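Quick notes on the structure that follows.
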Amino acid sequence: MDTKNYHVGDNFDEMFTKEGQVRPHYADFLKLLGKTSAKRMSHLQHSANKTQVAMGMTFNVYHDNQGIEKILHLDIVPRIIPNAEWKKLEAGLKQRIYALNLFIQDIYNDQKALKDKIVPVDLVLGSKDFLKPCIGMTPPKGIWCHITGTDLVRNNDGNYYILEDNLRCPSGVSYMLESREIIKRAYPDLFNQLGVMPVSDYPVKLLKMLQYISNKEKPVVGVLTPGIYNSAYFEHSYLALQMGVELVSGVDLLVKDKKVYMQTTKGLEQIDVLYRRIDDTFLDPLTFNPISMLGVPGIFQAYKAGNIAIANAPGTGVADDKAVYAYVPRLIKYYLGEDPILENVPTYLCREEKDRQYVLDHIEDLVVKETNAAGGYGMLIGPKSTKEEHAKFRNLIKSNPTNYIAQPTLSLSTVPTLTENEGLQGRHVDLRPYILYGEDIEVIPGALTRVALKKGSLVVNSSQGGGSKDTWVLYG
Amino acid sequence: MLSRVANSMYWLGRYLERAENYARFIDVNFNLMLDLPPDLKAQWEPLIYITGDEHLYKQKYTGFDRKDVVHFLAFDKDNPNSILSSISFARENARVIRENLTKETWENLNELYHFVQRRSEKKDWIKDDPRAFFESVKNQVLLLYGLAESTVARTEGWYFRQLGMNLERADKTSRIVDVKYHILLPAPTLVGTPLDFLHWTALLKSVTAFNTYRRLYGNIEPAKVVEFLLLNKYFPRSAFYCIREAESCLHKISGSSDSGYQNTAEKAVGELRSRLEFTDVEEIIQVGLHEYIDKLQVKINQISDKVNTNFFQIKDNFITQNSLQE
Chain A
1 MDTKNYHVGD
11 NFDEMFTKEG
21 QVRPHYADFL
31 KLLGKTSAKR
41 MSHLQHSANK
51 TQVAMGMTFN
61 VYHDNQGIEK
71 ILHLDIVPRI
81 IPNAEWKKLE
91 AGLKQRIYAL
101 NLFIQDIYND
111 QKALKDKIVP
121 VDLVLGSKDF
131 LKPCIGMTPP
141 KGIWCHITGT
151 DLVRNNDGNY
161 YILEDNLRCP
171 SGVSYMLESR
181 EIIKRAYPDL
191 FNQLGVMPVS
201 DYPVKLLKML
211 QYISNKEKPV
221 VGVLTPGIYN
231 SAYFEHSYLA
241 LQMGVELVSG
251 VDLLVKDKKV
261 YMQTTKGLEQ
271 IDVLYRRIDD
281 TFLDPLTFNP
291 ISMLGVPGIF
301 QAYKAGNIAI
311 ANAPGTGVAD
321 DKAVYAYVPR
331 LIKYYLGEDP
341 ILENVPTYLC
351 REEKDRQYVL
361 DHIEDLVVKE
371 TNAAGGYGML
381 IGPKSTKEEH
391 AKFRNLIKSN
401 PTNYIAQPTL
411 SLSTVPTLTE
421 NEGLQGRHVD
431 LRPYILYGED
441 IEVIPGALTR
451 VALKKGSLVV
461 NSSQGGGSKD
471 TWVLYG
Chain B
1 MLSRVANSMY
11 WLGRYLERAE
21 NYARFIDVNF
31 NLMLDLPPDL
41 KAQWEPLIYI
51 TGDEHLYKQK
61 YTGFDRKDVV
71 HFLAFDKDNP
81 NSILSSISFA
91 RENARVIREN
101 LTKETWENLN
111 ELYHFVQRRS
121 EKKDWIKDDP
131 RAFFESVKNQ
141 VLLLYGLAES
151 TVARTEGWYF
161 RQLGMNLERA
171 DKTSRIVDVK
181 YHILLPAPTL
191 VGTPLDFLHW
201 TALLKSVTAF
211 NTYRRLYGNI
221 EPAKVVEFLL
231 LNKYFPRSAF
241 YCIREAESCL
251 HKISGSSDSG
261 YQNTAEKAVG
271 ELRSRLEFTD
281 VEEIIQVGLH
291 EYIDKLQVKI
301 NQISDKVNTN
311 FFQIKDNFIT
321 QNSLQE
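The listed protein sequences correspond, in order, to chains A and B. Numbered by UniProt numbering, the letters in the first sequence go through residues 1 to 476 in order. Numbered by UniProt numbering, the letters in the second sequence go through residues 1 to 326 in order.
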């Protein structure tokens, strides 16, 4: 397939330099591309799509009772990361997760960071993700954020920036695992030749971590799902299957004498660890949201009594607030005495008058985000929006400043992506590696690379036209 | 095993078997109609009666046109028992317990679902000869059975699935026998004629039993066919055989010995098994075949209810156990 006409824009391209030279870690892949016809490439793409449907790798978009099942488009051109680059990411992520965990432990206990005025008191205590019932808690082994899926982007300066920490049950890891299986079939030889680090042992590591956080020698582990109507249901059941543990929903569980039991055909069986994929406040209608139908009444008391371990620990979300995000570099310095290895995107907090004025004056150059929204919703991309939208967000910010932050528009890096009619075109990507915190902190050598399939688009979310790419971390 | 998972296993077994049997019903009726003498009108009405959904059918359709009947039984989403509905339900049940199934099982069931959807969109029921569709459904269900047979561990889940399959199969075989009650001969004098023979042959073929029957019994005689399909001890689709298998599944689930009972489900299924075991076909004919089959179906439904209260509604189960102790 020809790449002569491939256009590198103002952004950083992962495969080609500005001068159109292939980057060394992509050289072998480019050679293979040269030997592969365009027809063959679209055939590979087609069979990748078909495999996804056959595997049921679908997420649900429920419009009528039948439901529409969509696949997350998997582009067959991989995103490749050389080892040296990965080493830095790995070190930076470990450092960050370690500091964030200390921060969560601190604010639910001694609150030193608040007393030392590292983070404004009201920003933390006023956050809806600060859960009062967790005050005074130390979860098993002192670990709060067991599973993290940090979002990073690469700006046109070639540097990676942390975009979001995603400490609350990040999804997408099943796509990382299944995409690898599909892409392996497309380029069997290349995998050997390049030396791509495997990701397939993720479920083993996940299970080991979940067992580690229990006091029991052979704990019973389960994945707690909101059920089949959740868009990530495929992933919940996939992870349970891969770990060989039960997939449970709220109706399967009940609490007796502060212990959690599963209802089985043989009566009640105690469960010791839950990898929960439902939000904090839906966990227990007695402690949190009383109308939650998804949770288990009384589970929080069982958790407090130390009879069940929950990953991620309830209350973790407070460190994932987009306003807290701005303080993470300072928190790393405060808790670890180190400079952050990975940079934050500069962030303007609308709660602070100086920042707010800057945001109001420069809104057309900035990305404005709600502090507590996810999935690319509640967001304004200044340069791509109309005057009316700018005005609307100025008013929103003025009426509720603490709810908004703003960041300069980054130019996300691109990777060549197979398009339907125009061959390979650069499309913007982000990067979501997964990090497990058990006995050690471990960064899985791979990631979910999300790609904005629309030309020029910077929104990579699956709900808004995003797809994915397999991510290869090389041994060398 | 989680009660919810056991419940889904059970219904996965039932729905797959239901879809397969519907495919058989329709396929056989097609073959039968092709053999009819030219002056006789094709009968599609009996198919609606044996499924017991005539009420629902009449709300939507007038008359018993072949295309309507085939659409209703195979592709109608409003019919909860159509092949399309059964396969969708089977898949939904599989989906909520996917972590308990092998990858091959899930992928093939998923493929079957997409296949039925596609044929539905292509309006297969208006084809002159849609038999290829029914053949495919049958084969794909059998493939799933084969996969399960050779890959699924014989633990609780397997027995719940087999329990569902066997109860469903007993019910459906009894309905197939009942079809003869509904298919009318043009005149009573035609009993024992080649036309009558054709009907009985078609009936046997619909459960892949024709050759086995011939080898075991020889001539086609109504009483013998009834005995074969309801009471035979060796034929895996006979009502007795299926009920005995269902009983054995329940024993495996509770871990009890092969005789007696430990819960109300085992009691109900054991009772029905022994009735079938010690009944002569003459007694059935005396009671009236149709009436006998009706009662049989009611009993099978009662067993299903008992399975539900004993294993799936675990809280009710505790109450039952307490009351048994008192």
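Glycine included, each C-beta is placed from N, C-alpha and C at the ideal position. Just so you know, these numbers come straight off a predicted model, no measurement behind them.
C-beta contact flag for residue i and residue j at 7 Å
i: B/LEU163; j: B/ALA90; result: no
i: B/MET9; j: A/THR264; result: no
i: A/ASP75; j: A/LYS454; result: no
i: A/GLU69; j: A/THR58; result: yes
i: A/TYR108; j: A/ILE135; result: yes
i: A/LYS237; j: B/ARG98; result: A small fix is needed here, since residue 237 of chain A is Ser in this sequence, not Lys. Yes.
i: A/PRO82; j: A/LEU474; result: yes
i: B/ILE83; j: B/TYR113; result: no
i: B/LYS205; j: B/VAL28; result: yes
i: A/PHE12; j: A/ASN156; result: yes
i: B/LEU229; j: B/THR173; result: yes
i: A/ILE435; j: A/GLY92; result: no
i: A/GLY250; j: A/LEU294; result: yes
i: B/ALA239; j: B/VAL269; result: no
i: A/GLY467; j: A/VAL451; result: yes
Residue of the options minimising C-alpha distance to residue i
i: A/GLY20; options: A/ALA54, A/LEU33, A/THR3; result: A/THR3
i: A/TYR175; options: A/PRO290, A/LEU131, A/LEU239; result: A/LEU239
i: A/TYR275; options: A/GLY267, A/GLU90, A/VAL248, A/PRO290; result: A/VAL248
i: residue 327 of chain B; options: B/VAL69, B/LYS252, B/ASP171; result: With chain B represented from 1 up to 326, any question about residue 327 of chain B goes unanswered, as that position is not in the structure.
i: A/ALA48; options: A/PRO445, A/VAL22, A/GLU181; result: A/GLU181
i: A/PRO120; options: A/LEU360, A/GLU85, A/GLY92, A/ARG351; result: A/ARG351
i: A/SER171; options: A/GLY158, A/ILE162, A/GLY456, A/THR150; result: A/THR150
i: B/TYR145; options: B/LEU195, B/ASN166, B/SER248, B/GLN59; result: B/ASN166
i: A/ILE228; options: A/ILE147, A/ARG277, A/GLN407; result: A/ARG277
i: B/ARG131; options: B/MET33, B/PHE311, B/ALA239; result: B/MET33
i: A/LEU439; options: A/LEU210, A/VAL77, A/ASP129, A/HIS46; result: Checking the sequence, you will find Glu at residue 439 of chain A rather than Leu. Measuring from the Cα of A/GLU439, the nearest candidate turns out to be A/LEU210.
i: A/GLY476; options: A/PHE130, A/MET1, A/ASN101, A/GLY195; result: A/GLY195
i: A/ARG185; options: A/LEU33, A/GLN45, A/PRO445; result: A/GLN45
i: A/SER127; options: A/ASP320, A/LEU424, A/ILE441, A/ILE213; result: A/ASP320
i: A/MET55; options: B/THR102, B/PRO80, B/GLY63, B/ASP65; result: B/THR102
i: A/TYR327; options: A/ALA313, A/ASN344, A/ASP280, A/ASP129; result: A/ASN344
i: A/GLU90; options: A/GLU442, A/ASP257, A/VAL221; result: A/GLU442
Limits of the alpha helix (DSSP H) - the one that residue i falls within
i: B/PRO46; result: 45-51
i: B/SER136; result: 131-151
i: B/ALA265; result: 264-277
i: B/ALA209; result: Segment: none, B/ALA209 is in no alpha helix (DSSP H) and carries neither H nor E.
i: A/SER301; result: Inspection of the sequence shows that residue 301 of chain A is occupied by Gln rather than by Ser. That run of the alpha helix (DSSP H) goes 299-304.
i: A/PRO203; result: 202-212
i: A/GLU420; result: Where A/GLU420 is concerned, there is no enclosing alpha helix (DSSP H), given that its DSSP letter is neither H nor E.
i: B/ALA246; result: 239-254
i: A/LYS199; result: In the sequence on display, residue 199 of chain A carries Val and not Lys. From DSSP, A/VAL199 is part of no alpha helix (DSSP H); its letter is neither H nor E.
Segment limits, beta strand (DSSP E) that includes residue i
i: B/THR62; result: Run containing B/THR62: none; DSSP gives neither H nor E here.
i: A/PRO408; result: 404-408
i: B/TYR292; result: First-last for B/TYR292: 289-307, but that is the alpha helix (DSSP H), not the beta strand (DSSP E).
i: A/MET450; result: Correcting the residue identity first, residue 450 of chain A is Arg in this sequence and not Met. It spans 448-452 - the beta strand (DSSP E) in which A/ARG450 sits, taken as one unbroken run.
i: B/ASP178; result: Run containing B/ASP178: none in the beta strand (DSSP E); it sits in the alpha helix (DSSP H), 156-182.
Three-state secondary structure (DSSP) of residue i
i: A/LYS70; result: strand
i: A/ASP64; result: Residue confidence is low: A/ASP64 scores 43 on pLDDT, short of 50, so the model does not pin down where it sits. Its coordinate-derived value is still stated next. DSSP places A/ASP64 in coil when its eight states are reduced to three.
i: A/HIS7; result: coil
i: A/LYS184; result: helix
i: B/TYR261; result: coil
i: A/ASN395; result: helix
i: B/ARG215; result: helix
i: A/ALA311; result: strand
i: A/TRP144; result: coil
Beta carbons nearer than 7 Å to chain B: which residues of the stretch 246-258 of chain A have them? GLU246, LEU247, VAL248, VAL251, ASP252
Using a Cβ cut-off of 8 Å, which residues of the stretch 287-301 of chain A contact any Cβ in chain B, in chain order? none
Mind checking the stretch 210-234 of chain A against chain B and listing, in chain order, the residues whose C-beta falls within less than 7 Å of any C-beta there? ILE228
Scan the stretch 82-109 of chain B for residues whose Cβ lies nearer than 7 Å to a Cβ of chain A and list them as they occur along the chain. ARG95, VAL96, ARG98, GLU99, TRP106, GLU107
What residues in the stretch 235-262 of chain B bring their beta carbon closer than 8 Å to a beta carbon of chain A? ILE253
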